[in-house]
Amino acid sequence: MKFMLHFTPVVPATPEEREHLAPIAHRTDKTQEMLEEMVDLAQFAEEMAFDALSYSEHHFYTEGLEAGATPIPHMLNLIHHTKRIQVGPVGFVLPTWDPIRLAEDIAWVDHMSKGRIFVGLARGFFPRWVNVLGQKYGVEPGTSGPDAELRNREVFQELFEVMKLAWKDEPFSFNGKYYQVPFPAGGHDWPAHEATRRYGAPGEVDAKGWLHKISPVPKPYQKPHPPLFQALTTNEETIRWTAREGIVPMMFLPFPDLAIKGASFYTEAANTAGHDLQLGQNVGLARLLYVAKTREEALRRAHDGAIFLFSQFHAKFAQEIPTTIEPMIEAGIAFVGTVDDIRRQLEAVREKLNPDWFMILSDQGFLPRDEMKEQLEILGTKIIPEFAH
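Heads up: the sequence shown begins at 1 in this note's numbering, then just goes up one per residue.
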């Protein structure tokens with residue numbers, strides 16, 4: 001397995017401080033503290049043999065939870081302060097982006113990092129911000145109802161097609177339901193057609209001087225594009241779609257039964273599409289993980305950690321999401337215990353599923369930094385070497 005550490009990110013504070021300093025995300029000093037903590041933990045994770053760093057895209061979190069907002073600045077910041085580790089969001093909420101502008105931004109960072117990035121994609125969960133930033137496409141999160149779910153998926157997949165075309169070497173046109181290239185789709189007069197015909201990409205303009213295709217630049221440093229991941233998916237249709245597209249789904253399904261079932265969907269769809277994969281190949285498993293010298297201490301950390309976010313936000317939009325850590329432990333979504341306990345749980349993952357990736361959802365911003373670094377050190381020195389490949 002390869003190991004990925006995921007930041008939400010979170011403005012560091014206890015629940016009491018968060019209430020006392022509300023709105024904490026308006027404070028410059030606390031934003032600086034979050035950025036410094038992310039860099040410190042990223043550098044330590046790199047020392048502890050983690051393969052990759054990821055983080056979420058969410059907006060408008062005055063509460064200081066999931067406060068990372070737009071992902072490109074974090075990508076550049078974490079790349080700049082590390083040397084080896086791969087960096088990328090899991091993921092860009094595609095229905096809120098212009099796909100060509102995003103493709104260009106990603107290609108630039110790919111060049112600046114000389115291929116140290118990956119790209120995660122997501123469809124969005126919270127209407128507070130998805131509705132605003134996705135208004136161009138009339139998109140809402142799937143949590144808003146079945147009609148919203150259908151439109152969100154339709155927009156997401158169409159914009160993904162445009163983004164892939166933007167990364168290819170040849171010019172393209174696209175006449176979709178939500179997006180057109182060029183605009184208008186039939187093309188338009190291009191007075192600089194002689195220069196484009198002479199110096200540009202073949203096919204951008206016709207003999208009459210009309211522009212019919214475009215070719216965004218630069219093209220990615222990694223060919224044909226950086227590795228692709230899908231954020232924390234639990235949906236069969238999404239898993240099968242990622243399989244057809246060669247995207248790694250980071251599954252947040254209970255282990256073992258539902259996670260294995262989800263991976264089976266992926267393998268079946270991938271092989272039908274002409275790939276030759278075994279169960280677990282090109283699949284990721286995302287877990288909460290708490291390790292300490294005693295199980296009691298690990299449980300205390302689990303109670304004080306990211307469950308606060310799940311209980312205060314996620315559970316309000318999806319009834320199946322627990323508000324306490326115990327059901328997550330029972331479902332195998334949270335791994336909690338001593339080094340031996342975690343080893344046994346990871347051995348079961350390797351034996352029953354053997355995913356290529358294992359994502360640990362960190363408690364950055366919830367637990368004290370020294371506790372998080374202690375956990376990373378235990379993982380890096382006593383656990384990861386046994387399971388890494």
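All residues carry an ideal CB built from backbone N, CA and C; glycine is no exception. Given the structure is predicted, the values throughout are model-derived calculations rather than measurements.
Original post:
Any idea which residues DSSP pairs Y290 with across the strands?
Top reply: Numbered from its first residue, the sequence shown carries residue 290 at position 290. Bridge partners of Y290: V336.
Subject >> Nearest-angstrom Cα separation, counted from R197 out to W210 >> reply: Looking up residue 210 in the sequence shown gives position 210. Looking up residue 197 in the sequence shown gives position 197. W210 and R197: Cα-Cα distance of roughly 11 Å.
Original post:
If we ignore side chains and look at the alpha-carbon of each, how far apart do H389 and L376 end up?
Top reply: On the sequence shown, position 389 is the one that residue 389 refers to. On the sequence shown, position 376 is the one that residue 376 refers to. Answer to the nearest angstrom: the Cα atoms are 18 Å apart.
**OP:** Sort D40, L279, F3, K352 by Cα distance to H80 and report the nearest one.
**Re:** Numbered from 1 along the sequence shown, position 80 holds the residue referred to as residue 80. Nearest of D40, L279, F3, K352 to H80, Cα basis: D40.
Original post:
Just how far apart, CA to CA, sit Q278 and M251?
Top reply: Locating residue 278 in the sequence shown gives position 278, counting from the first residue. Locating residue 251 in the sequence shown gives position 251, counting from the first residue. Distance between the alpha carbons of Q278 and M251: 17 Å.
Subject >> Cβ neighbour criterion (16 or more within 10 Å) applied to E347 >> reply: Taking the sequence shown and counting its residues from 1, the one referred to as residue 347 is at position 347. It counts as exposed.
Original post:
Is the CB-CB distance between A298 and G337 below 7 Å?
Top reply: Position 298 of the sequence shown holds residue 298. Position 337 of the sequence shown holds residue 337. Contact: yes.
Subject >> Residue environment, K30, which counts as buried when at least 16 other CB atoms sit within 10 Å >> reply: For the purposes of this step, residue 30 is taken as the residue at position 30 of the sequence shown. Buried, by the Cβ-count rule.
Original post:
For W190, which three-state DSSP category applies?
Top reply: As a position in the sequence shown, residue 190 is number 190, starting the count at 1. W190 falls in the coil class under three-state DSSP.
Original post:
When you compare only the Cα positions, how much space is there between F358 and E237?
Top reply: Numbered from its first residue, the sequence shown carries residue 358 at position 358. Numbered from its first residue, the sequence shown carries residue 237 at position 237. Looking at the two C-alpha atoms, the distance is approximately 22 Å.
Original post:
Are the stretch 312–320 and the stretch 122–132 touching, with three or more C-beta to C-beta distances below 8 Å?
Top reply: yes
Subject >> Close Cβ partners of E47 (< 8 Å) along its chain, the five nearest in sequence each way excluded >> reply: Position 47 of the sequence shown, counted from the start, is the residue given in the question as residue 47. Same-chain partners within the cutoff: G380.
**OP:** Return helix, strand or coil for V119, following the three-state DSSP convention.
**Re:** Position 119 of the sequence shown, counted from the start, is the residue given in the question as residue 119. Residue state, collapsed to three classes: strand.
Subject >> Where A361 sits in the DSSP three-state scheme >> reply: Position 361 of the sequence shown, counted from the start, is the residue given in the question as residue 361. Residue 361 is actually Leu in this sequence, not Ala. DSSP places L361 in strand when its eight states are reduced to three.
**OP:** Report the rounded CA-to-CA distance for V285 versus G176, giving the unit in angstroms.
**Re:** Taking the sequence shown and counting its residues from 1, the one referred to as residue 285 is at position 285. Taking the sequence shown and counting its residues from 1, the one referred to as residue 176 is at position 176. Checking the sequence shown, residue 285 turns out to be Leu, not Val. Each residue's alpha carbon lies about 34 Å from the other.
Original post:
Which one of D189, R151, K223 has the shortest CA to CA distance from K208?
Top reply: Within the sequence shown, residue 208 is the residue found at index 208, counting from 1. The shortest Cα separation from K208 among D189, R151, K223 belongs to D189.
**OP:** Tell me, to the nearest whole angstrom, how far the beta carbon of A334 is from that of P220; I am working on the premise that it is less than 8 Å.
**Re:** Numbered from 1 along the sequence shown, position 334 holds the residue referred to as residue 334. Numbered from 1 along the sequence shown, position 220 holds the residue referred to as residue 220. The Cβ separation is near 36 Å, so there is no contact.
Original post:
Any idea what DSSP makes of M1, helix, strand or coil?
Top reply: Position 1 of the sequence shown, counted from the start, is the residue given in the question as residue 1. Of the three classes helix, strand and coil, the one that applies to M1 here is coil, per DSSP.
Original post:
From this set, H303, R343, K352, which residue's C-alpha is nearest M328's C-alpha?
Top reply: The residue given as residue 328 occupies position 328 in the sequence shown. It is H303 whose Cα lies nearest to the Cα of M328.
Subject >> Residues that S54 bridges to, as DSSP identifies them >> reply: For the purposes of this step, residue 54 is taken as residue 54 along the sequence shown, with counting starting at 1. Note: S54 sits in a beta bridge opposite H6, G88.
Subject >> Local Cβ density within 10 Å of G145, reported as buried at 16 or more and exposed below that >> reply: Reading the sequence shown from its first residue, position 145 is the one you call residue 145. So G145 counts as exposed.
Original post:
Taking DSSP as the reference, what is the three-state secondary structure of N282?
Top reply: The residue labelled residue 282 in the question sits at position 282 within the sequence shown. Note: N282 maps to coil in three-state DSSP.
**OP:** Could you check how far apart the C-beta atoms of D356 and V291 are, in whole angstroms? I think they sit under 8 Å.
**Re:** As a working note, residue 356 is residue 356 in the sequence shown. As a working note, residue 291 is residue 291 in the sequence shown. Incorrect: roughly 22 Å between the Cβ atoms, too far for contact.
**OP:** Would you grab the beta carbon distance between Q230 and I247 for me? Rounded to a whole angstrom, and I think it's under 8 Å.
**Re:** By one-based count along the sequence shown, residue 230 stands at place 230. By one-based count along the sequence shown, residue 247 stands at place 247. At roughly 5 Å, the Cβ-Cβ gap stays under 8 Å, so Q230 and I247 are in contact.
Original post:
Looking at C-beta atoms only, is the number of pairs between the stretch 47–61 and the stretch 1–19 that lie closer than 8 Å three or more?
Top reply: yes
Subject >> Continuous alpha helix (DSSP H) assignments of at least 4 residues falling wholly in the stretch 107–157 >> reply: 127–133
Subject >> Beta-carbon spacing of G365, P12 below 7 Å >> reply: Taking the sequence shown and counting its residues from 1, one reaches residue 365 at position 365. Taking the sequence shown and counting its residues from 1, one reaches residue 12 at position 12. In contact: G365 and P12 (Cβ atoms closer than 7 Å).
Original post:
With A103 and A166 assumed to form a contact (beta carbons below 8 Å), what rounded beta-carbon distance in angstroms separates them?
Top reply: Within the sequence shown, the letter at position 103 stands for residue 103. Within the sequence shown, the letter at position 166 stands for residue 166. Yes, A103 and A166 are in contact; Cβ-Cβ is about 4 Å, under 8 Å.
Subject >> CB-CB length for I342 against I325, believed under 8 Å >> reply: For the purposes of this step, residue 342 is taken as residue 342 along the sequence shown, with counting starting at 1. For the purposes of this step, residue 325 is taken as residue 325 along the sequence shown, with counting starting at 1. The pair is not a contact, with the Cβ atoms about 16 Å apart (cut-off 8 Å).
**OP:** Find out if the Cβ-Cβ distance for the pair F448, I384 is shorter than 7 Å.
**Re:** Only positions 1 to 389 of the chain appear in the structure, and residue 448 is not among them; the question remains open.
Original post:
What's the C-alpha gap between M38 and P171?
Top reply: Locating residue 38 in the sequence shown gives position 38, counting from the first residue. Locating residue 171 in the sequence shown gives position 171, counting from the first residue. When rounded, the distance between both Cα atoms is 39 Å.
Subject >> Sheet register partners of V11 (DSSP bridge) >> reply: As a first step, residue 11 is located in the sequence shown; it is residue number 11 there, counting from the start. Answer is none; V11 lacks a bridge partner.
Subject >> C-beta contact flag for A243 and A263 at 7 Å >> reply: Translated into the one-based positions of the sequence shown, residue 243 becomes position 243. Translated into the one-based positions of the sequence shown, residue 263 becomes position 263. It is not a contact, given that the beta carbons lie outside the stated cut-off.
Original post:
Mapping DSSP to helix, strand and coil, what is Q43?
Top reply: As a working note, residue 43 is residue 43 in the sequence shown. Looking at Q43 - three-state DSSP - the assignment turns out to be helix.
Original post:
What is the C-beta distance between I260 and K382, in whole angstroms, given that I count them as a contact (C-beta under 8 Å)?
Top reply: Taking the first residue of the sequence shown as 1, we reach residue 260 at position 260. Taking the first residue of the sequence shown as 1, we reach residue 382 at position 382. That belief does not hold up - the Cβ atoms of I260 and K382 are roughly 27 Å apart, past 8 Å.
**OP:** Tell me whether L367 sits in a helix, a strand or coil according to DSSP, three-state version.
**Re:** Indexing the sequence shown from 1 puts residue 367 at position 367. In this structure, L367 counts as strand in the three-state DSSP scheme.
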